[in-house]
Amino acid sequence: MGSSLTSRPASGDDAARGWQRRRHGHSDRSTSAVDARLGAGLLLLALPAVLTLYSMLLPVDSYTAASLPERLSGPDWRHPLGTDELGRDVLRRISVGARVSLVLSVSVVLIAGLAGLLVGSTAGYGGGAVDHTAVFLVDTFLSFPPMLLALALVAVLGTGLTQLFVGLAISTWPGYARIARSLVVALRGRGFVEALRALGASNTRIIFRHLLPHIAGPMLVQAMLDVPAVLLMEGGMSFLGLGVQPPDPSWGAMIDEGRRHLVDDPALVVVPGAAVLLTVLGLNLLGEALAARMDPRRA
Amino acid sequence: MGRYVIRRLVVGAVVLTGVLLLTFLLIHCMPGDPVRSMLGDAAQSADVVALRHRLGLDLPIAEQLRRYLLNIARLDLGRSVYSSQPVMMLVSRSFRYTLVLALAALSIGTLSGVPLGAFAALKDRGWGSAISAAASAAWAVPVFWLAPMLTLGLAVKLGLLPVSGCETAVHMVLPALTLAVPTAAYLTRMTKARVEAVVVCDFVRALRARGLRESRVVALHVLPNALVPLLSVVALLFGNLLAGAVITESVFAWPGMGRLLVTSIAHRDYPVIQACVLVAACLYVGLNLAADLLHAALDPRVREGLD
Numbered sequence: 255m256g257s258s259l260t261s262r263p264a265s266g267d268d269a270a271r272g273w274q275r276r277r278h279g280h281s282d283r284s285t286s287a288v289d290a291r292l293g294a295g296l297l298l299l300a301l302p303a304v305l306t307l308y309s310m311l312l313p314v315d316s317y318t319a320a321s322l323p324e325r326l327s328g329p330d331w332r333h334p335l336g337t338d339e340l341g342r343d344v345l346r347r348i349s350v351g352a353r354v355s356l357v358l359s360v361s362v363v364l365i366a367g368l369a370g371l372l373v374g375s376t377a378g379y380g381g382g383a384v385d386h387t388a389v390f391l392v393d394t395f396l397s398f399p400p401m402l403l404a405l406a407l408v409a410v411l412g413t414g415l416t417q418l419f420v421g422l423a424i425s426t427w428p429g430y431a432r433i434a435r436s437l438v439v440a441l442r443g444r445g446f447v448e449a450l451r452a453l454g455a456s457n458t459r460i461i462f463r464h465l466l467p468h469i470a471g472p473m474l475v476q477a478m479l480d481v482p483a484v485l486l487m488e489g490g491m492s493f494l495g496l497g498v499q500p501p502d503p504s505w506g507a508m509i510d511e512g513r514r515h516l517v518d519d520p521a522l523v524v525v526p527g528a529a530v531l532l533t534v535l536g537l538n539l540l541g542e543a544l545a546a547r548m549d550p551r552r553a
Numbered sequence: 004m005g006r007y008v009i010r011r012l013v014v015g016a017v018v019l020t021g022v023l024l025l026t027f028l029l030i031h032c033m034p035g036d037p038v039r040s041m042l043g044d045a046a047q048s049a050d051v052v053a054l055r056h057r058l059g060l061d062l063p064i065a066e067q068l069r070r071y072l073l074n075i076a077r078l079d080l081g082r083s084v085y086s087s088q089p090v091m092m093l094v095s096r097s098f099r100y101t102l103v104l105a106l107a108a109l110s111i112g113t114l115s116g117v118p119l120g121a122f123a124a125l126k127d128r129g130w131g132s133a134i135s136a137a138a139s140a141a142w143a144v145p146v147f148w149l150a151p152m153l154t155l156g157l158a159v160k161l162g163l164l165p166v167s168g169c170e171t172a173v174h175m176v177l178p179a180l181t182l183a184v185p186t187a188a189y190l191t192r193m194t195k196a197r198v199e200a201v202v203v204c205d206f207v208r209a210l211r212a213r214g215l216r217e218s219r220v221v222a223l224h225v226l227p228n229a230l231v232p233l234l235s236v237v238a239l240l241f242g243n244l245l246a247g248a249v250i251t252e253s254v255f256a257w258p259g260m261g262r263l264l265v266t267s268i269a270h271r272d273y274p275v276i277q278a279c280v281l282v283a284a285c286l287y288v289g290l291n292l293a294a295d296l297l298h299a300a301l302d303p304r305v306r307e308g309l310d
């Protein structure tokens, strides 16, 4: 059963697969290309970073207050990106949306990553029945397309920020468990682990002090690559009305609201979409640069 | 090979059992009363009791599980709470639409992504990096943005295509294009990486040293070696298209499974939600199994590496 962990691809497996590919040594991208990715990624991420900072300076509720006389107005000095169908400032809503999306996707990845790390490394190190149970669980969860699982969970739990968080985290954790497990299994038989055991180190100590540093790299790469994926899932669910709930702004929900004015005011769709696109592109580039940087064979 | 097939089938069966259990538990994880939330707060208590009885939710949980598995074995998924139609009929009708759309998107995506990726890998500079950059950008495009933008450009401004619906084959062009963009982008990147990895192998150097024409080396040796592992990627993408066309189908009013799921969530129609999730997961498992077996049949290293 354990073999399925390495033979079957899963959507969350990109980092592990890329890792393996590079370890077999054929990426001929030069260091300068990696640096270019890193630079471009950081540059693109300046946008959501600035938006998030701006959102923190805004007075509370200034982005939800409707002002019907100003509805669907074009850009001017008071509303640099114009207003939406309720007269709310688009720039302010985009900024708060950046904060909501970034905080949500980063915290989902953190929690899911930690849960997966814990389950995967315990299973991989412990072996036996614990391992079989964990692999069964992980394989079962990975049989559901992630977005579908998140949608089904929100359908059952109800809509809301907490439910969205839970839905996204539950559909993200098994990927980490799988990677952590296969990495720990590969390390378990190594000489240094045997030596540690012979010296009388406790299992907890071996896992946390000696195995974790080895698997932290690939786990971190996977996490970096998952943040944009989770951000897109959140955006899609909010677009469908099953994610962030109004009046809270979210890029996905803004695109959905803007669709009603696709012809008379396309900026309402174009602007939040561009924000998602640039943020996801920046995060992807950063993740790829990190993956290349952290490859031990290329250091 | 025989041992590999048997082991892989056992793994598939075990995972399928897990899927059945998790889908069964889905409705039981609900905080509060699923029947009340289906009928709304104003429901009469007699109606609540009747629906609970109809769904079998008043039985002991072991009995519920037994009936659930028996019904699935008989391909009976119950009736929709919203429209009272048999769930099996709703799902199979919408599945046909999803399948056609997914096949169209997968064909467009594969036929453009794989050649582009191979081309980008073999031409180092200029075109190669331009294609990679374009693929990176296209991979970051959110579908929930692409769909309205394509509508605006191709349907509203240029008037070339219908905005939404499913009456004719032309209605499929926009949703298929929307789904094909991320598919093509992903395949371009994967193909490029695979071909790059194979081109520098020793056997390719040996073939070149023997004086084989470059076109022959690429067509007969590099590409087959690079493309076989892509099978599982394509299967995965196909599975995602079958299950994950939720947004695209909703935007273009394409009556597939994704749209069925979203409307069922809006109607709190739990039997249909459950069925959609179950069918999608089973397809996902089945496709992965098929891809693995095909991969093993084509590449002896896969089936031998296992034992």
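As you go down the protein sequences, you meet chains S and C in turn.
Going left to right, the first sequence walks through residues 255 to 553 as my numbering numbers them.
Going left to right, the second sequence walks through residues 4 to 310 as my numbering numbers them.
By construction, the Cβ of each residue, glycine as well, lies at the ideal position given by its N, Cα and C atoms.
Owing to the predicted nature of the structure, the values given are computational and were not obtained by experimental measurement.
Interface residues of chain S facing residue i [CB-CB closer than 8 Å]
i	result
tyrosine 100(C)	Within chain S, no residue comes near tyrosine 100(C); the closest Cβ sits about 17 Å away, beyond 8 Å.
isoleucine 111(C)	In chain order: nothing, as chain S lies at least about 20 Å away.
valine 198(C)	By Cβ distance, chain S contributes nothing, its closest Cβ being about 10 Å from valine 198(C), past 8 Å.
isoleucine 30(C)	Val410
Chain C contact residues for residue i, given Cβ-Cβ distances below 7 Å
i	result
proline 399(S)	Gly242, Asn243, Ala246, Gly247, Ala283 and Tyr287
alanine 546(S)	Neighbours of alanine 546(S) on chain C: none; closest Cβ ~12 Å, over 7 Å.
alanine 409(S)	Ile268 and Ile276
aspartate 513(S)	Note that residue 513(S) is arginine in the sequence shown here, rather than aspartate. Near arginine 513(S) (Cβ distances below 7 Å), the residues of chain C are Pro151.
Boundaries (first-last residue) of the alpha helix (DSSP H) holding residue i
i	result
histidine 270(C)	260-270
leucine 296(C)	273-301
lysine 160(C)	Per DSSP, lysine 160(C) belongs to no alpha helix (DSSP H) and is neither H nor E.
isoleucine 461(S)	Careful: isoleucine 461(S) lies outside any alpha helix (DSSP H) and carries neither H nor E.
phenylalanine 27(C)	5-29
tyrosine 71(C)	64-76
glutamate 324(S)	Run containing glutamate 324(S): none; DSSP gives neither H nor E here.
histidine 56(C)	48-57
phenylalanine 206(C)	205-212
serine 40(C)	37-42
tyrosine 189(C)	176-202
Inter-residue CB distance, residue i and residue j (contact presumed, cutoff 8 Å)
i	j	result
proline 165(C)	valine 159(C)	11 Å between Cβ atoms; not a contact.
valine 275(C)	serine 83(C)	5 Å
histidine 515(S)	glutamate 324(S)	Not confirmed; about 14 Å, so no contact.
leucine 68(C)	leucine 54(C)	About 20 Å separates the two Cβ atoms, so there is no contact after all.
isoleucine 250(C)	phenylalanine 98(C)	Between phenylalanine 98(C) and isoleucine 250(C) the Cβ distance is about 18 Å, and since that is not below 8 Å, they are no contact.
threonine 376(S)	glutamine 499(S)	Not quite, the Cβ-Cβ distance comes to about 36 Å (not below 8 Å), so this is no contact.
valine 306(S)	glycine 21(C)	According to the sequence as given, residue 306(S) is threonine; it is not valine. About 39 Å separates the two Cβ atoms, so there is no contact after all.
valine 408(S)	leucine 418(S)	6 Å
glycine 512(S)	glycine 489(S)	Between glycine 489(S) and glycine 512(S) the Cβ distance is about 13 Å, and since that is not below 8 Å, they are no contact.
Amino acids of chain S, ordered along the chain, whose beta-carbon sits closer than 7 Å to that of residue i
i	result
phenylalanine 147(C)	Gly489, Gly490, Phe493, Gly506 and Ile509
leucine 25(C)	Thr394
isoleucine 250(C)	Gly490, Phe493 and Leu494
serine 253(C)	Leu494
methionine 41(C)	Ordered by position in chain S, no residue passes the 7 Å Cβ test against methionine 41(C), which lies about 11 Å from the chain.
valine 265(C)	Leu494
Contacts of residue i in chain C (Cβ-Cβ under 9 Å)
i	result
glycine 527(S)	Val144, Pro145, Phe147, Trp148, Leu149, Pro151 and Met152
asparagine 538(S)	Ser139, Trp142 and Ala143
Chain-ordered neighbours of residue i on chain S, where CB pairs are closer than 9 Å
i	result
glycine 21(C)	Phe390, Leu391, Asp393, Thr394, Phe395 and Ser397
Proximal residues of chain C, C-beta to C-beta of residue i below 8 Å
i	result
proline 520(S)	Leu155
arginine 451(S)	The premise fails here: arginine 451(S) is roughly 28 Å from chain C at the closest Cβ pair, so nothing lies under 8 Å.
leucine 516(S)	Pro151, Thr154, Leu155 and Val159
leucine 474(S)	Within 8 Å Cβ-Cβ: nothing; leucine 474(S) doesn't reach chain C, min ~20 Å.
(Q) If contact is defined by three or more beta carbon pairs under 8 Å, each pair taking one atom from either stretch, is the region 248-259 of chain C in contact with the region 177-190 of chain C? (A) yes
Q) What are the complete alpha helix (DSSP H) segments, minimum 4 residues, inside the region 476-530 of chain S? A) 505-512
**Q.** Secondary structure, alpha helix (DSSP H): runs of 4+ residues fully inside the region 95-151 of chain C
**A.** 130-142
(Q) With a threshold of 8 Å, are at least 3 pairs of Cβ atoms found where one atom belongs to the region 109-126 of chain C and the other to the region 272-280 of chain C? (A) no
(Q) With a threshold of 8 Å, are at least 3 pairs of Cβ atoms found where one atom belongs to the region 207-223 of chain C and the other to the region 280-298 of chain C? (A) no
Q: Report yes or no: do the region 534-544 of chain S and the region 19-33 of chain C share at least 3 C-beta pairs separated by less than 8 Å?
A: no
Q: Go through the region 223-251 of chain C residue by residue and report every complete run of the beta strand (DSSP E) that reaches 3 residues or more, in order.
A: none
Q: Could you say if the region 362-371 of chain S and the region 430-437 of chain S meet the contact criterion of at least three C-beta pairs nearer than 8 Å?
A: yes
Q) Which parts of the region 330-397 of chain S are runs of the alpha helix (DSSP H), unbroken and 4 residues or longer, counting only runs that do not cross its ends? A) 344-380 and 382-396
Q) Could you give the uninterrupted runs of the beta strand (DSSP E) lying entirely in the region 406-448 of chain S, keeping only those of 3 residues or more? A) none
(Q) Is it the case that the region 257-264 of chain C contacts the region 516-527 of chain S, given that we only count it when at least three CB pairs across the two stretches are under 8 Å? (A) no
Q. Just checking, does the region 380-392 of chain S make contact with the region 462-475 of chain S on the three C-beta pairs under 8 Å criterion?
A. no
Q) Does the region 449-467 of chain S come close enough to the region 395-403 of chain S to have 3 or more Cβ pairs within less than 8 Å? A) no
Q. Below 8 Å, can you find three or more Cβ-Cβ pairs linking the region 343-357 of chain S to the region 307-319 of chain S?
A. yes
Q) Can at least three beta-carbon pairs, one atom from the region 218-225 of chain C and one from the region 289-309 of chain C, be found at a separation below 8 Å? A) no
Q: Kindly confirm or deny that the region 123-142 of chain C and the region 190-205 of chain C touch, where touching means at least three C-beta pairs closer than 8 Å.
A: yes
Q | Three-pair Cβ contact test at 8 Å for the region 227-241 of chain C versus the region 476-495 of chain S | A | no
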